[in-house]
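This report concerns only the one structure given below.
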Amino acid sequence: MDSGSIAWMLIASALVLLMTPGLAFFYGGLVRGKNVISTIMYSFISIGIVSIVWVLWGYSLAFGGGGAFIGTFDNFALSGVDDADGQMFAVFQMMFAIITPALITGAFCERFNFKTYMVFLVLWVTLVYAPICHWVWHENGWLFQGVIGTEGGALDFAGGTVVHINAGMAAIAAAALVGRRRNVDRGIEPHNVPYVILGASILWFGWFGFNAGSGLAANGTAVTAFLVTNTCAAVAMMVWVILGMIHGGKVNGVGAASGAVAGLVTITPAAGFVGVGGALALGVLSGVFTFYAVQLRNKTSLDDALDVFAIHGIGGIVGAVGTGIFATSVGLIYGKTDAFIENIIAVLATMIYSLVVSLLILKILDVIPGLGLRSSESDEDNGLDISDHGERAYVADGAD
Amino acid sequence: MDSGSIAWMLIASALVLLMTPGLAFFYGGLVRGKNVISTIMYSFISIGIVSIVWVLWGYSLAFGGGGAFIGTFDNFALSGVDDADGQMFAVFQMMFAIITPALITGAFCERFNFKTYMVFLVLWVTLVYAPICHWVWHENGWLFQGVIGTEGGALDFAGGTVVHINAGMAAIAAAALVGRRRNVDRGIEPHNVPYVILGASILWFGWFGFNAGSGLAANGTAVTAFLVTNTCAAVAMMVWVILGMIHGGKVNGVGAASGAVAGLVTITPAAGFVGVGGALALGVLSGVFTFYAVQLRNKTSLDDALDVFAIHGIGGIVGAVGTGIFATSVGLIYGKTDAFIENIIAVLATMIYSLVVSLLILKILDVIPGLGLRSSESDEDNGLDISDHGERAYVADGAD
Amino acid sequence: MDSGSIAWMLIASALVLLMTPGLAFFYGGLVRGKNVISTIMYSFISIGIVSIVWVLWGYSLAFGGGGAFIGTFDNFALSGVDDADGQMFAVFQMMFAIITPALITGAFCERFNFKTYMVFLVLWVTLVYAPICHWVWHENGWLFQGVIGTEGGALDFAGGTVVHINAGMAAIAAAALVGRRRNVDRGIEPHNVPYVILGASILWFGWFGFNAGSGLAANGTAVTAFLVTNTCAAVAMMVWVILGMIHGGKVNGVGAASGAVAGLVTITPAAGFVGVGGALALGVLSGVFTFYAVQLRNKTSLDDALDVFAIHGIGGIVGAVGTGIFATSVGLIYGKTDAFIENIIAVLATMIYSLVVSLLILKILDVIPGLGLRSSESDEDNGLDISDHGERAYVADGAD
Amino acid sequence: MIKIEVIVRPERVNVVIDAMAEAGCTGFTYQNVTGRGTQEGIEVFTGRGGVSHRVAVPKVCITSVTEKSKQKKVVDSIISAAKSGDEGQIGDGKIFISEISDVIRVRTSDSGTNAL
Amino acid sequence: MIKIEVIVRPERVNVVIDAMAEAGCTGFTYQNVTGRGTQEGIEVFTGRGGVSHRVAVPKVCITSVTEKSKQKKVVDSIISAAKSGDEGQIGDGKIFISEISDVIRVRTSDSGTNAL
Amino acid sequence: MIKIEVIVRPERVNVVIDAMAEAGCTGFTYQNVTGRGTQEGIEVFTGRGGVSHRVAVPKVCITSVTEKSKQKKVVDSIISAAKSGDEGQIGDGKIFISEISDVIRVRTSDSGTNAL
Ligand SMILES: Nc1ncnc2c1ncn2[C@@H]1O[C@H](COP(=O)(O)OP(=O)(O)O)[C@@H](O)[C@H]1O
Ligand SMILES: Nc1ncnc2c1ncn2[C@@H]1O[C@H](COP(=O)(O)OP(=O)(O)O)[C@@H](O)[C@H]1O
Ligand SMILES: Nc1ncnc2c1ncn2[C@@H]1O[C@H](COP(=O)(O)OP(=O)(O)O)[C@@H](O)[C@H]1O
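Residue numbers (the numbering used here), protein chains in the order written: chain A, 1 to 400; chain B, 401 to 800; chain C, 801 to 1200; chain D, 1201 to 1316; chain E, 1317 to 1432; chain F, 1433 to 1548.
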């Protein structure tokens, strides 16, 4: 890597790290005030725990050689990862491993036991994230290699499958097993809309590192990835705004922020492969699919509290399939089918593996004495901030 | 562009994008709590709408060839803008087009109809921003070419005329036409000072991309621009602090933040052209002029709610004229007059065009059935958050 | 510097600037709501004042030639600092000079007279920061040269002594002289935990610029510094979380954030000199030492309100001594003793000089008529936001 | 002396206070509350296009202690200031009157009507 | 008519309001307050592993004005909704009853029990 | 039993509560309010060097229900704790006394003075 690319990858890595606190505020603003510390901490603690897991064995399992399905322990504690290129790649990828499980927490917030969650983080990154990352992004991975053709495998520029679909499926598993929130039927309003927009803005800002950094160089691909990222996010945001106006007559701030995030999710796998036209198309598709996915989910009994599946799962699927359609030269619209099929296989493989193994991990954690998924009723009523963290988010009783 | 410059322009673009949410919080903290979502959304939605307008035709009208006054539609949807340099420039410039109309919203917040505003965004970027941008920054533009001499035209390094004076004049137009807020005479306190300082800090941070990125390269000019940007902002901030202490006896946090923003505005046109000495001088001038401009405006009946004209208009004029005075080698203090005169012409041209066309656009929007500039009395009393966005910013009634 | 390194140093400088508002929110969230503007302003005003001091004479005293103890006035107003490398270095170092005195304010917040503080900033940067900076980082500085050997002096990659130990000792001086807060024994809860985590996150993000920028180039050292910075912070954070669970049974959000900051402090002097193993070891040591330092301080009568000495002083000492132990090739564990001894000398010299001169400055300010360290009782009871700044942080009485 | 407690829509606070001052009230204390009358609650957006039913809504409670003789005048002026349109609307508010046995001004130790 | 003021734990607000509605109350106003009874306060974390003693804790005060005849029924239903477990716990709350001399509905100018 | 409602400057809350406890009050509930007495309001900075007139200012309302017999002692101790200097200042606050017909402790169902 030349110094320009190192400069870009350093800052891109910092940007992706910042996305996790951004997510913390995006999610934190959407919950009730008595659970805001808890919701923020689900994300924040991931920086602590997953950084350690990744440095010790996560990177090695994902990228430390190995076969079609999993890496090795050869790079335990990053031993052997000594040059600038290798360390830079390990650092950049670490930031992805940090945010992915944090995304899941939107499904189970306001009622998930924090201690159990900390154990879940270790297991999930090890058993779900690292393998799928290896499949898709390591040169030996079976999805990277491809299943049907000889021209290489699935196209996932910055993590449509590895990050978003993966998190979206784990979200379904978690929401289903932890059960609905008490009182959710009374209707829960976001307690701090400025935080939601602050979080979405930090996510948008950081996403430039996420997508434009995924080419690992400061070059034309990075510039295009930057441009299409912004374009798709803007379009999906406006689709949400327009659909929100049609259905509710008002320009919902939370809706605009959600649409932007959905657009960012969708362009993620496509960012290095499509142009402005593809970004516009994906933005429209992303907005429509994710908006109605949220409306549909509202009709089910699944309490995926912050609609992780609708936004990240559906948004990611639209992006991954859309990449197979719009990818310059190799997409469906260019008359090629290989990439399209490979991407569908990758989507399905990720969905199944993530759902099944996430369910397994959660089931086991649920029965381990002293852990268990669900907070007690009184802890939930009191709010997890007091119950699990011993803190009140906002103290305003004016005394002293 | 080499990889170092691409790296810098990627992050500079991201920084300038982040300024818009920064502005959202700067403005959002200054208004009453019942209008904070509305005020934040005026800025946030600009990212969605202007990104699309810019990609589709805005860039093309500003930079797609053309004559002295306006570009073409040749680069519609950025067709023909394919290489890294071209796309990078289009992206960087997009971020400027996003924040400029957002600046205006400080003038009319707390009472401007949100739907009308969305239409205004499209029209204003197309009919006001793109032309002035073309005049000043496109090589064929009449102000870029210069009016009086042969040595080139107005000097506007990063947008003193295009961005700040332009927004400041549109602010006057909007504040005048929309009218004074109900109850403004009771005195309105900023509802959240930490947000004001958070916003100002993000603006300062992002402004390094704005100014030091405007040379389009990671080189000595960028470094100097960075240095003088910080210096001028610091000086203007302290001038506001000192004047505030003289007039009120206290160190007003909102005043310090406002002074910093004023200094950042003033150095914008000058950033690539002056040294530390010029930055110190401009900082003092900026602080004094903008501070007293706010005091004077308070005495008028114009309800430019967050003093967009005083800060951005006057601050920009001081900067643009000051560039003609202090610019290394070509400024008045070096005995040259061309740049000084060209800059004064550019200031006047921008002021007149922006004021007239903004007034026209707003007048037309005011009479279109279903639109109209002003929220209804009850919407304004209820707060625009509920009325236009159906949301409450802060929910703290402790239930559930 | 090539363009890649310029790109990196531009953004690294911007990142370090952003740390000061980050600190403002970290500290601001920890105090009571009636002092949040005051606490934020202690940091924010440092950007204004120290930028000016640094540009005028601070840089020159620290880096403008000179002998073993202090620079000169040769580079007054940065005259003679004209090339990109020189200006870049002056800018990057400026950001360090801004944040260091802001760190101290955690010790005396909620009761320190703001006007006195503004004078303190000027004096302290001139008389304490610039000299120590010269000793450690200027090639003529006595600690840079080394005391005992011939192989060069103390190793302080990014400011363990210059920034953190220095601020930590001044914090003791200030807390001791200003005295305990009224009512502190009733127990003071942080008024806004989300701000604490927002601040800590911004600090973490900015610290990548702080540490990975301190090699002044986009190269392998920067990458390693980035990696070990993140690793050490993550480990120290988890040590605090675990110790907090052992002592209190809950995962304290403020504790996690504090642990992260402690880890970032500790890795600062070591960042360019250690590998992943060293970072893991330093993270554990940092977490344990700083956590128990806070507990011990709680048992004393010293009201170092936000534990600046425990976090920055002790964290910095662990880092500086630890650098002597773990530094690749030259540390104690490689059988060398020179670096270890030089670092201990540097730690002691910094501690003594900072404590003594800070005490002197504060003592003098305390007796100057019209200044004085301590706010009046009624100002303190009313809250410094109203008393010193004439503002309320949050206005929510719903009127108008 | 009587205590008049009025629950009104937040956007009416200033108008109602002005009207009460006009009618002779000399002091006021108000605070944000959440309330629910016979009205059935309102529909609110829950962020993402969904609609939810909120039973209680934000209100402001204004308290003023005044002489019993002013009761009718004050109540009438409150009604005209707080009522939405001629017909009034659900959610316009309630006025509660109760007896106060004593009032003391801290500054002067005055009590009874002298302290109002 | 009487005014019933209930101080309860914040997490019980909805349950208590539902119980009161069941027992015949037609309107409610509630707000966040901070309180301290004979309980000695609670221990809270002060951020960094330290423990501090907090004498007052967050509560919610629910106010409902209703007919005097409903007093017993309403009080009983509040007690069963607000009490923690069978034994009750310190901090469960208090109920204060006072007389209200008049109630006026702003919308209709109805007064007395018609306005409830 | 009586209800004592005291409006004080926010910075005096703890001192006043301590004084009331000393004088025999056993429980307290307080909340942030905004108020306006005969004082004419205060001048506040509106952010950017401008000065504006604020008619109402932040206060805290402390409520304590106690035996009627303690009224005088409690009121006296409140006055001495809440008054600024010897002369007192505008804005020092007001005390309102009213009758309470019953008090019930949720935990034990005790009522009357036993519940205080
Ligand atoms: N019986 C009551 N007790 C306490 N508060 C009440 C009562 N009735 C109404 N309120 C308060 O007054 C507010 C306005 O009542 P409103 O909906 O206008 O009553 P109505 O529907 O009877 O006209 C409610 O939100 C509530 O805060
Ligand atoms: N005498 C009183 N006056 C005012 N409020 C009171 C009084 N006693 C209790 N409270 C309020 O009721 C709340 C709950 O009281 P609680 O601790 O349950 O009382 P107890 O310990 O007597 O059972 C307190 O936090 C306080 O807000
Ligand atoms: N008549 C009243 N009714 C309700 N609240 C009052 C009344 N008079 C005063 N207050 C409250 O008491 C607070 C302090 O009053 P203050 O200004 O000290 O009264 P004064 O000027 O008569 O001494 C006011 O801010 C207001 O909240």
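Note that CB positions come from ideal geometry on N, CA and C, so glycine has one too. Predicted model only: the values in this text are computed from it and were never measured.
Exposure of residue i, with buried meaning 16 or more beta-carbon neighbours within 10 Å
i	result
Asp1200 (chain C)	Model confidence at Asp1200 (chain C) stands at a pLDDT of 49, short of 50, so the residue's coordinates are unreliable; what they give is reported in the following sentence. Label assigned to Asp1200 (chain C): buried.
Ile406 (chain B)	buried
Ile898 (chain C)	buried
Ala68 (chain A)	exposed
Asp1107 (chain C)	buried
Val367 (chain A)	exposed
Ala1451 (chain F)	buried
Glu1321 (chain E)	buried
Residues near residue i by beta carbon distance below 6 Å, same chain, minus five either side
i	result
Ala225 (chain A)	Asn211, Ala212, Ala271 and Gly272
Leu702 (chain B)	Ala575
Met801 (chain C)	Asp885
Which listed residue (the options) has its alpha carbon closest to that of residue i
i	options	result
Phe957 (chain C)	C:Ala967, C:Thr950, C:Gly1053 and C:Phe944	C:Phe944
Gly1525 (chain F)	F:Asp1542, F:Glu1531, F:Val1507 and F:Val1497	F:Val1507
Asp74 (chain A)	A:Leu56, A:Gln87 and A:Asn113	A:Leu56
Ile314 (chain A)	A:Ile361, A:Thr266 and A:Ile352	A:Thr266
Residue i CB to nearest heavy atom of ligand 1 below 8 Å
i	result
Ser1414 (chain E)	no
Ala1431 (chain E)	yes
Phe1344 (chain E)	yes
Spatial neighbours of residue i in its chain, beta-carbon cut-off 8 Å, leaving aside the 5 residues before and after
i	result
Lys250 (chain A)	Gly244
Val676 (chain B)	Leu627, Val628 and Thr631
Phe605 (chain B)	Leu415, Leu418 and Gly422
Spatial neighbours of residue i in its chain, beta-carbon cut-off 7 Å, leaving aside the 5 residues before and after
i	result
His393 (chain A)	The amino acid at residue 393 (chain A) is misidentified as His; the sequence shows Ala. Same-chain partners within the cutoff: Gly33, Val36, Ile37 and Asp385.
Gly1520 (chain F)	none
Ile325 (chain A)	Gly331, Leu332, Ile333 and Phe340
Contact test: residue i Cβ vs ligand 2 heavy atom, cutoff 8 Å
i	result
Ser1301 (chain D)	no
Thr1350 (chain E)	yes
Asp1408 (chain E)	yes
One or two residues paired with residue i in a DSSP bridge
i	result
Arg374 (chain A)	A:Phe112
Gln1231 (chain D)	D:Cys1261
Asp1534 (chain F)	E:Ile1413
Arg1352 (chain E)	F:Phe1460
Residue i: CB within 8 Å of a non-hydrogen atom of ligand 3
i	result
Ala1488 (chain F)	yes
Arg1307 (chain D)	yes
Val1265 (chain D)	yes
Cys1225 (chain D)	yes
Ile40 (chain A)	no
Residue i: CB within 8 Å of a non-hydrogen atom of ligand 5
i	result
Val1448 (chain F)	Annotation note on ligand 5: not contained in the displayed structure, which lists ligand 1, ligand 2 and ligand 3 as its ligands.
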